[in-house]
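Each remark here refers to the structure printed beneath this line.
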Amino acid sequence: MRDLRLDLLAAGGATTRTALRALGHSHRAMRAAVDAGVADAVTRSWLVLPDAMPTIRTALAAGGAVGGASALATYGVWVTEAPPLQIATTPTTGVAAATVGTRLWVRFERDAQPWRVSIIDALAQHAVRVEREHAIASIDSALHQGLIDDGDLDRLFGMLPQRCGPWRRRLDAAAESGLESLLRVPCRDRGWTVESQVPAPGGGRSDLLIDGWLYVEADGAQWHDEPKQAAKDRRRNASITAAGGRWLRFGYADVVHQPTRTLDTIALVLAQGRPVRRLAG
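As structure tokens, this is what we get:
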């Protein structure tokens, strides 16, 4: 006999009674699981593990699915600033206004974990609700993790408004964090040549290389502030300087909350020109 709790775990914490019946669980077994506290009944259709993410329970109780930025977070995809719970709901669904979160009235496909929308739908729902750079950062994140491929991009941009089409040329699957994307896109807008994840003098990789000599790091600071990593960064940065390059490092607040000042700083360094490499003599 199959273990109902394990099947719920495999579904990410919640699934429909119909899906459980298809796996061989009877009505009696499901009722017994609810009575024993192994699972909770949410509406007539869903069983949810007691320790499942609260967002799952809330979205299902509201007659929808976890959608948009909220769904992207469950996939591990970059979202710059998470909004309140977004509940995807088909327009034909006769449900009342949500008391928690925001409803996204859209048609959508469900993921294999049916309490959330598909990755393509989540990206499409999110992209039309945020600024271009933030949408690109999320798509980059999904690409980098292998969650979507070129075929999926065809579908995604077929769902998005025509104005979003040029975004596809700005994507870069090499970006390892959303901060890199948020910085790379406006840098390229200014006409600078920008490469992602480039080997740096002294070892390691630099998030961005601008115009062939300015190495730029965009990070959340915590990991780089650890003593061992900070010492490694200093050695690498000294090597960059010795090789005739320059380096800059920006944190989350610089990139997200002060983008104009950050770009102006980069522009100022570039305007000074590439340093002349000094050879020991």
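Residues 12 to 292, numbered by our numbering, are exactly what the sequence shown covers, in order.
All residues carry an ideal CB built from backbone N, CA and C; glycine is no exception.
Margin query: For a test of the three-state rule: what should DSSP assign to residue 58, helix, strand or coil?
Written below: For the purposes of this step, residue 58 is identified with residue 47 of the sequence shown, where counting begins at 1. Three-state DSSP puts residue 58 in a strand.
Notebook entry, point to check: Just checking, does the segment 71-78 make contact with the segment 120-130 on the three C-beta pairs under 8 Å criterion?
Noted result: yes
Checklist line | residue 47 versus residue 261 - alpha carbon distance | finding: Position 36 of the sequence shown, counted from the start, is the residue given in the question as residue 47. Position 250 of the sequence shown, counted from the start, is the residue given in the question as residue 261. Distance between the alpha carbons of residue 47 and residue 261: 52 Å.
Next item on the list: On a CA-only basis, which of 41, 89, 45 and 99 is nearest residue 66? Give me that one, please.
Entry: Here residue 66 refers to the residue found at position 55 when the sequence shown is read from its first residue. Nearest option by C-alpha distance: 99.
Next item on the list: Flag this pair as yes or no: are the beta carbons of residue 229 and residue 259 separated by less than 7 Å?
Entry: Along the sequence shown, one-based indexing puts residue 229 at 218. Along the sequence shown, one-based indexing puts residue 259 at 248. No, the Cβ-Cβ distance between residue 229 and residue 259 is not below 7 Å.
Next item on the list: Kindly indicate which three-state DSSP category residue 261 falls into: helix, strand or coil?
Entry: Here residue 261 refers to the residue found at position 250 when the sequence shown is read from its first residue. Strand at residue 261.
Notebook entry, point to check: Roughly how many angstroms separate the alpha carbons of residue 133 and residue 255, rounded to a whole number?
Noted result: Looking up residue 133 in the sequence shown gives position 122. Looking up residue 255 in the sequence shown gives position 244. Whole-angstrom Cα-Cα distance: 44 Å.
Item checked: Closest by C-alpha distance to residue 85, when choosing among 174, 24, 201 and 61 -> In the sequence shown, residue 85 corresponds to position 74, counting from 1. Residue 24 is the option with its Cα nearest to residue 85.
Item checked: DSSP-derived helix/strand/coil call for residue 21 -> The residue labelled residue 21 in the question sits at position 10 within the sequence shown. In the displayed model, residue 21 falls within a helix according to three-state DSSP.
Next item on the list: Please classify residue 282: does DSSP put it in a helix, a strand, or coil?
Entry: Sequence index remark: in the sequence shown, residue 282 carries index 271 (1-based). Residue 282: helix per DSSP, three-state reduction.
Next item on the list: Return the chain-ordered ranges of every beta strand (DSSP E) run that is complete within the segment 185-243 and spans a minimum of 3 residues.
Entry: For the beta strand (DSSP E) assignment, the uninterrupted runs of no fewer than 3 residues enclosed by the segment 185-243 are, from N- to C-terminal side, 205-210, 216-221 and 225-229.
Next item on the list: Would you identify the three-state DSSP class for residue 124, choosing helix, strand or coil?
Entry: As a first step, residue 124 is located in the sequence shown; it is residue number 113 there, counting from the start. Shown here, residue 124 sits in coil according to DSSP, grouped into three states, outside any helix or strand.
Note to self: Counting C-beta neighbours from all protein chains within 10 Å, is the total for residue 144 16 or more, i.e. buried, or is it exposed?
What the structure shows: Here residue 144 refers to the residue found at position 133 of the sequence shown. It counts as buried.
Notebook entry, point to check: On the three-pair Cβ rule with 8 Å, is the segment 177-197 touching the segment 263-275?
Noted result: The segment 177-197, when compared against the segment 263-275, does touch it at the 8 Å Cβ threshold.
Margin query: For the segment 139-154 against the segment 88-95, do three or more pairs of beta-carbon atoms, one drawn from each stretch, fall closer than 8 Å, so that the two count as touching?
Written below: yes
Margin query: To the nearest angstrom, how far is the alpha carbon of residue 33 from that of residue 135?
Written below: For the purposes of this step, residue 33 is taken as residue 22 along the sequence shown, with counting starting at 1. For the purposes of this step, residue 135 is taken as residue 124 along the sequence shown, with counting starting at 1. Between residue 33 and residue 135, the C-alpha separation is close to 31 Å.
Note to self: Which of the three DSSP states is assigned to residue 117 in this structure?
What the structure shows: For the purposes of this step, residue 117 is taken as residue 106 along the sequence shown, with counting starting at 1. In the structure shown, residue 117 sits in coil (DSSP, three-state: anything other than H, G, I, E or B).
Note to self: Once the 5 residues before and after residue 115 are set aside, which same chain residues still bring their CB inside 6 Å of it?
What the structure shows: Indexing the sequence shown from 1 puts residue 115 at position 104. For residue 115, the CB contacts under 6 Å within the same chain, skipping 5 residues up- and downstream, are 78, 79, 97, 99 and 136 in chain order.
Margin query: Applying the 10 Å Cβ sphere with the 16-neighbour rule, what's the burial state of residue 279?
Written below: Taking the first residue of the sequence shown as position 1, residue 279 is located at position 268. Under this definition residue 279 is an exposed residue.
Checklist line | residue 51 in three-state terms, based on DSSP | finding: For this step, residue 51 is matched to residue 40 along the sequence shown. It is a strand residue.
Check: Which residue or residues does DSSP assign as beta-bridge partners of residue 97?
Finding: Residue mapping note: residue 97 aligns to position 86 of the sequence shown, counting from 1. Residue 97 pairs with 113.
Item checked: Backbone secondary structure at residue 146 - three-state DSSP -> The sequence position of residue 146 within the sequence shown is 135, counting from 1. Three-state result, residue 146: helix.
Margin query: Only counting the same chain, and skipping five residues up and downstream in sequence, which positions put a Cβ closer than 8 Å to that of residue 45?
Written below: Residue 45 sits at position 34 when you count from the first residue of the sequence shown. If we look at residue 45 and ignore the five residues flanking it on each side, its Cβ neighbours are 51, 52 and 58.
Next item on the list: Output the boundary residues of the alpha helix (DSSP H) element that contains residue 71.
Entry: Against the sequence shown, residue 71 aligns to sequence position 60. 65-72 is the extent of the alpha helix (DSSP H) around residue 71.
Notebook entry, point to check: Just how far apart, CA to CA, sit residue 156 and residue 182?
Noted result: What you label residue 156 is simply residue 145 of the sequence shown in a count that begins at 1. What you label residue 182 is simply residue 171 of the sequence shown in a count that begins at 1. Looking at the two C-alpha atoms, the distance is approximately 14 Å.
Item checked: Residue span of the alpha helix (DSSP H) that contains residue 135, given as start and end -> The count along the sequence shown starts at 1 and reaches residue 135 at position 124. Segment 130-138, the alpha helix (DSSP H) holding residue 135.
Notebook entry, point to check: Near residue 285, what residues of its chain come up, given a Cβ to Cβ distance below 7 Å and the 5 sequence neighbours on each side ignored?
Noted result: Taking the first residue of the sequence shown as position 1, residue 285 is located at position 274. Counting only Cβ-Cβ distances below 7 Å, and skipping sequence neighbours, we find 224 and 255.
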